[in-house]
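Chains as they are written, first to last, in the numbering used here: chain A, 55 to 859; chain B, 254 to 940. From the three backbone atoms N, C-alpha and C, an ideal C-beta is built for every residue, glycine too. Please read all numbers here as calculations on a predicted model, not as lab measurements.
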Amino acid sequence: MRFSLVILSLLLITALQAGEPTITSVAVYPADINLSTLRDRQSFIVQATFSDGITRDVTAEVKPQLKDGSLVKLDRSTLYPIKDGATELKISYSGRDVVVPVVVKDATADRPISFKLDVMPVFMKTGCNVGSCHGAARGKDGFRLSLFGFDPDGDHYRLTRELNGRRINLAVPEASMMLEKSTGKVPHTGGKKMEEGGELYNEIVRWLRAGAPQDADTVAKPISLELYPKGAVLDGKGETQKLTVRAKYSDGSDRDVTHLAFFMTNNDRSAAVSQEGFVTAGERGEAFISARFETFNTGVPFIVLPKGLQFAFPNVPENNYIDTLVFNKLKKLRMYPSGICDDATFLRRVFLDIIGTVPTAEEVKKFLDDTDVKKREKLVDELLSRKEFVEVWVMKWAELLQIRSTQNVSYKSTLLYFNWLQDRISNNVPMDQMVQELLSSKGGTFSNPATNFYQMETDTLKMTENVAQVFMGMRVQCAQCHNHPFDRWTMDDYYSFASFFSQVGRKGAEDPRELIVFNSGGGEINHPTKGRPLPPKFLGGELPNTAGKDRREVLAGWLASDKNPYFATNLANIVWTHFFGKGIVEPVDDVRVSNPAANDELLQELGTRFRTNKYDFRKLIRDICTSRTYQLVTQPNESNELDSRNFAKASVRRLRAEVLLDVVSQVTETKNKFQGLPLGARAVQIADGQASTYFLTTFGRATRETVCSCEVKMEPNLSQALHLLNGDTVSNRVQSGGVITRALAAKKTPAEIIEDLYLRCLSRKVSREELNALCSIVNTATDKPKALEDVFWGILNSREFLFNH
Amino acid sequence: MRSTITIMMMLTLVGLLAADDKKITYQEHILPLLREKCASCHNPDKKQGGLNLVNFTALMEGSGRGKIVEPGDPDQSTLYLLMAHKEQPVMPPKSPKLPDKDLELVANWIKGGALESSGSTAAPKKPKMDLSLKTASRGKPEGPPPMPGESLLLDPLVKTPRGNAITALAASPWAPVVAVASAKSIILYHTDTQDVIGVLPFPEGQVNVLKFSRNGSLLLAAGGRGGQTGRTVVFDIKTGNRVTELGEETDAILAADISPDQSQIAVGNASKMVRIYSIKEGTVLHTLKKHTDWVTALEYSPDGVLLATGDRNGGLAVWETASGQEFIGIRGPQLAVTEVSWRPDGNLLATSSEDTQIRLFEMENGNQVKAWGAHGGGALSVKYHHDGRLVSTGRDRITKIWNGDGAVQKQTPGTPDVALKAAWAFDGTKVLTGDWIGQVHFYAAADGKEIGQVVSNPLGLDQRLAEALKRLEALKIKQTQTTTTLTSLQVTMQKATSEFTTVQKQSTDAAAAVKHWQDMVNQAATDPTLAAAKAAEAAVPAKELAAVRLTEAAVKAKEAADRLGTSAELTTFALQSQALANKHTAELAAAKQYAAQMLAAAKPAQDKLAAAHAELGKYQVANNAVAQQLPAKQAAVKSAQDQLTPAQAAAQSATAELQLVQTQVARMQKASDAMKAAATKTTASGK
């Protein structure tokens, strides 16, 4: 955070002053160096930041000075202990001095080899225990390691005693098959994984020489992981930055684990990272470089710019805080936003997004003719008060809550649940209250429909996963069987979170379709490898006192509240995604360390405001829709054409199934009949996820079988295109709706009709060229009504109609 | 370094290194390379891409895409192009390119016409070896049981601070020999003395299987380098020579056995196949395909007709060895089968498996007749003894001896780590258990107590020799000590005995003297003079009395006559009385004289008797004194005897031990000298 502020201020300065960039700061990582035991060491890196925001790894250029050279040995940029004591490391670069305190402890004592601390990380580093190799559930070629090392005790057994004497050789450690295979001395399906005589190899040999011991319980555990530098802006292809990783342990010690950490990048093209911890800049772009060690994942943002890029951010007005934060990020990336869209585009976009319909021809005309400078804000406010707005969001929530009749969930329950949701949203009940009500609900599914939350999913673990995914945006499923490979969640976290749902009681009611949900006050869920239940603990939070309380109430009080750092941001992100087609965290329900937010400052600010506005999501939507960022055109400019994640331009989005059907019905003036709804109801209003039509299914309506954001399918496909071209939906409705017939009956000219079709379907005035071309076709046609219907059909099949842009 | 030299030396000794040949051939040069680098995928079982590189014909046939070698033209040969990274997909995948010299070798081989062997047309010549037994000596051999002779090495090839897990352990069925898997070798121990009596080199890699032939004369060792090669080697136990080598496996062999008639060897490994090789031809007779996981256990039935196999997934199969067909389907184990063992009559098969169970199967219908949980955590080994008892061990670290019906007879104390393999000493008096840290524990079958221990990493010969010499010195000292003790005890014994004898003699003498003098006394007492004297003496008092009385009467008569004086009669009477008195007095005197004469005559006899009495008294005293001494002397003799017996035994055993150690030292000395001589030679030839 501080780092980004520094960058930010630097960028501001850059904008003001031209000329040669100057050094503005020099940082040394880590900021303190602790060496304990003979085997310890600590590498450090020196990063200089320039006035144009560029950073450079200057570690190799500095001359570090030790105040007391008798305590530590300095070899290039790594310190080794010699003697106990405290001293300082002074680093000078370009007239700036940085002093790093150095403490040496137990300098002559050897650190005993530890299986968990020294050997296990090797399997992660070399990729032995990944899912495609020995980490697979059934292992590989007869040998299994726990996936990403979630079960070190089991791995110790499998290595040493599962097949006694095959995998390790205590008499001649170097002849151990595990070493012969991993160094490629004998054929190994996985190829060569480590160098003979290398550090990783030697650690394993050391362990074997010691008799392949298992760790005592007293061996320290890692408690945190630090990855340095905290970020970098690299100037051009080929620029490099060294990383250093430090782990802290439960005994207060720390270790340089750069050689044991597994490095990953989410953008190999822009910033490739080697397993030695060197980032090399590639093409322009952003990358998230992360390090994995033990159960920890931590990452830092990297930006790669073209070498010597000249850039000046144009003067773009900012409507609100959203614009400020989005533009800040764009400045960092040397990008500027596309232009602002015209009124017609905005009108159609905001109608489709907020209420899921297109404006009527009259509404278009009225808006386009309005000269009020605040007309866009006015429109947003007006739309937010319409009932269709509520319906759109009821639908979205119904997807998240899986409102769907099944063999076990009666249609009546489904309907009651849907109505309950509709009631809450139309009354603008704050989101936190609504979620709390859901989570702590008790009683019959008819008398208190919120309890349906516990009927839709009855499996405790699935319930746990759904709650985390829907309300916190996290997929913790992985941690059911092993520590999450790309996130911080361990099996312990998973099962202690699941404990909140282990005491949900369910029993039948008088009406066989009803279910009564209550607090059973008993029941536990066992941790599979530990074989005992864990006390309820908030995911990433504290261990609350649940004795004698309804665990769900305790959870609801935390989860849907300010105390949960993920709740507000997650909801804000869900809302944001609806309006931009892409989340700040994407996908919305996959918040994890290795999937960082595209713009964390923005996400945090949205969350904070959502909280301070008492979880009023209409306010949030108003902020979003009135921001300039929302109103940008979809056309890229030269600086942002490759970007898709930073909201520098609007995205082109296909209309989702329900909205598309509603809009087609709306413009063709036809009516739909859905199960349980009156004729003419909108697809958005369908309560039951089970109910669908061919059209809706083809266009990817959510079946609501899972809570996944991927349930709603937005990808276009061939059957969609064919259905629109040849299916009954479009061409039948063009005829049966009678729009053309009535217009002709009203003695309208073809030109007038075409103008109306454009307004009604595309929310804009037809251009002169379009009108001329279409008129000439219609006028030369023998069957004019048919020709006009063809025009209507053509418009409905145009991409301009099918997409929100 | 020294160990590598030793290995090299051994390789030379056993004739593994072929003489240099100018021709580059598949068999000699290319196959080893392919096996090392490519065979894990391109083997007869996996055949990745339809390609098998470990068989010349198959290689020349090529892969699914066609021919891969164009003899004479490396650049037209896919094999070379892929290996040299000149074409995609590069091989081996995900690994660095092979060293240039290897690539050059392949290129030159192709250039040279891609020859198969030095004969270039002939089929590969396997060393033909007929070990098959025509006569029925499948059981106990005639004559002395086969023991390792003096030609065997005694120095372990690799000396390591830690032992390797006992991956294989086999005891000779007829001799006090146990074979223990060691690093790249097999150590033979004597089951009585626990001495190293032989080291068999196994440079092929890790030893996973050890099996004695049914007559105890051959030892089969199998194993290899995990993921690369598998090989079986048969050693002659007496000479330590390799009599045959078989198997072209691409992964270490996990299970193997030699058929009782010594005509076949069956092997199993991670390829899931069981292959039966003909020892004579060196070819594969049968490839048995049924197992769905690694083959981890197999054994021929005692008559050699059947072969039982087990896999890592708990699968079991019994095959006919002649036809290679499955004989009977048996099932039971839920987890990996760790060992199979036939009862000597061939009617029952015992299996141990990771599901803790030992199971017995009959061969009529393949039914499981008995199953019991034997070892918590997993049963890892089970073996029948000649008499139908079973020994087993497992992850609970305890070795158990079972009756044939599964009732536990004896249990041993636990090993320090997981116990892996158990075996019977040939005579059934001991069971042996090898564990994870490389110790082999010896237990008495009678009570289950631990009676000894050896390790998979014995000290070097020199060290052992030095220790034996030290022991020898100690034993010599001990022997001297026991001898000295014995001698001194013998002296004591002698002295005690002689003293006892002396006293005994004295006693006898004294008794004789007593008797003699008693006789003398008796004899003296019977002398007639003594009786005569006595009689003469005895006559005196009567005479004296008569004389006295007559004298008195005469006196009285005279007095009476005197007083009365008047009576002649009286006077006459007085005179007559006087005369009578006088006569008797005279008679008395005569008697007295006679008595005196007789006494004088009896005097010598009297004296003699007195003297005899005196002598008798003296000897009687002496005899009593000696009789008192005798018990003490006797006790002394007994105590000396008591000390002497154990001392004698000690001295004997010390001597025996000394002799044994002397023999051992001599054996070791010889081996050590031979080793040094060989080393000098190697160094010299190396220069």
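Residue environment, residue i, which counts as buried when at least 16 other CB atoms sit within 10 Å
{"i": "Thr735/B", "result": "buried"}
{"i": "Pro539/A", "result": "buried"}
{"i": "Gly585/A", "result": "exposed"}
{"i": "Ile376/A", "result": "buried"}
{"i": "Met768/A", "result": "exposed"}
{"i": "Gly185/A", "result": "exposed"}
{"i": "Arg565/B", "result": "buried"}
{"i": "Asp815/B", "result": "exposed"}
{"i": "Val487/B", "result": "buried"}
{"i": "Asp716/A", "result": "buried"}
{"i": "Thr331/B", "result": "buried"}
{"i": "Ser495/A", "result": "buried"}
Endpoints, the alpha helix (DSSP H) within which residue i is located
{"i": "Trp770/B", "result": "Leu714 to Ala778"}
{"i": "Tyr375/A", "result": "Tyr375 to Lys386"}
{"i": "Leu515/A", "result": "Thr514 to Phe525"}
{"i": "Asn548/A", "result": "Just to set this straight, residue 548/A is Tyr in the shown sequence, not Asn. Here the alpha helix (DSSP H) through Tyr548/A covers Met545 to Ala552."}
{"i": "Phe472/A", "result": "Tyr465 to Ser480"}
{"i": "Phe855/A", "result": "Arg853 to Leu856"}
{"i": "Pro175/A", "result": "Met174 to Lys179"}
Selection from the options that minimises the alpha carbon distance to residue i
{"i": "Pro456/B", "options": "Ser330/B, Pro352/B and Ile439/B", "result": "Ile439/B"}
{"i": "Gly498/A", "options": "Val489/A, Gln490/A and Tyr508/A", "result": "Tyr508/A"}
{"i": "Glu403/B", "options": "Arg650/B, Ala919/B and Lys934/B", "result": "Ala919/B"}
{"i": "Phe621/A", "options": "Ser236/A, Val226/A, Arg663/A and Leu772/A", "result": "Arg663/A"}
{"i": "Gln692/B", "options": "Tyr442/B, Gly480/B, Ala827/B and Pro899/B", "result": "Tyr442/B"}
{"i": "Gly559/A", "options": "Pro566/A, Glu578/A, Thr722/A and Arg567/A", "result": "Glu578/A"}
{"i": "Arg853/A", "options": "Leu731/A, Ala745/A and Leu714/A", "result": "Leu714/A"}
{"i": "Arg478/B", "options": "Gly493/B, Glu498/B, Arg467/B and Leu507/B", "result": "Leu507/B"}
{"i": "Leu438/A", "options": "Leu475/A, Val418/A, Ala452/A and Ile479/A", "result": "Ile479/A"}
{"i": "Asn88/A", "options": "Thr76/A, Val358/A and Lys137/A", "result": "Lys137/A"}
{"i": "Lys235/A", "options": "His338/B, Gly392/B, Ser466/B and Thr482/B", "result": "Thr482/B"}
Limits of the beta strand (DSSP E) - the one that residue i falls within
{"i": "Leu633/B", "result": "Ala632 to Tyr637"}
{"i": "Pro355/A", "result": "Phe350 to Leu359"}
{"i": "Gln459/B", "result": "Gln459 to Phe465"}
{"i": "Asp354/B", "result": "Residue identity check: residue 354/B is Lys in the sequence provided, not Asp. From DSSP, Lys354/B is part of no beta strand (DSSP E) but of the alpha helix (DSSP H) over Asp353 to Lys364."}
{"i": "His443/B", "result": "Ser438 to His443"}
{"i": "Val452/B", "result": "Val449 to Pro454"}
{"i": "Val622/B", "result": "Gln621 to Gly626"}
According to DSSP, residues forming a beta bridge with residue i
{"i": "His694/B", "result": "Thr686/B and Gln706/B"}
{"i": "Phe347/A", "result": "Phe350/A"}
{"i": "Glu340/A", "result": "Ile357/A"}
{"i": "Ile87/A", "result": "Val156/A"}
{"i": "Arg110/A", "result": "Ala102/A"}
Residue i CB to nearest heavy atom of the ligand NAD below 7 angstroms
{"i": "Ser480/A", "result": "Of the ligands one can find in the structure shown there are none, so the ligand NAD has no counterpart to examine."}
Entirely enclosed beta strand (DSSP E) segments - the region 572 to 612 of chain B, minimum 3 residues
Correct list: 579 to 581, 590 to 595 and 601 to 606.
List, from N- to C-terminal side, the beta strand (DSSP E) runs of 3 residues or more that fit wholly inside the region 290 to 326 of chain A.
For the region 290 to 326 of chain A, whole beta strand (DSSP E) runs of length 3 or above, ordered along the chain, are 294 to 296, 298 to 303, 308 to 310 and 316 to 319.
Please go through the region 488 to 569 of chain B and give each complete beta strand (DSSP E) segment of 3 or more residues, from N-terminal end onward.
Complete beta strand (DSSP E) runs here, min 3: 495 to 502, 506 to 511, 517 to 522, 526 to 531, 537 to 542, 548 to 553 and 559 to 564.
Could you tell me which uninterrupted alpha helix (DSSP H) segments, each at least 4 residues in length, are contained entirely in the region 774 to 855 of chain A, listed from first to last along the chain?
You should have 782 to 791, 793 to 799, 804 to 811, 822 to 834 and 838 to 850.
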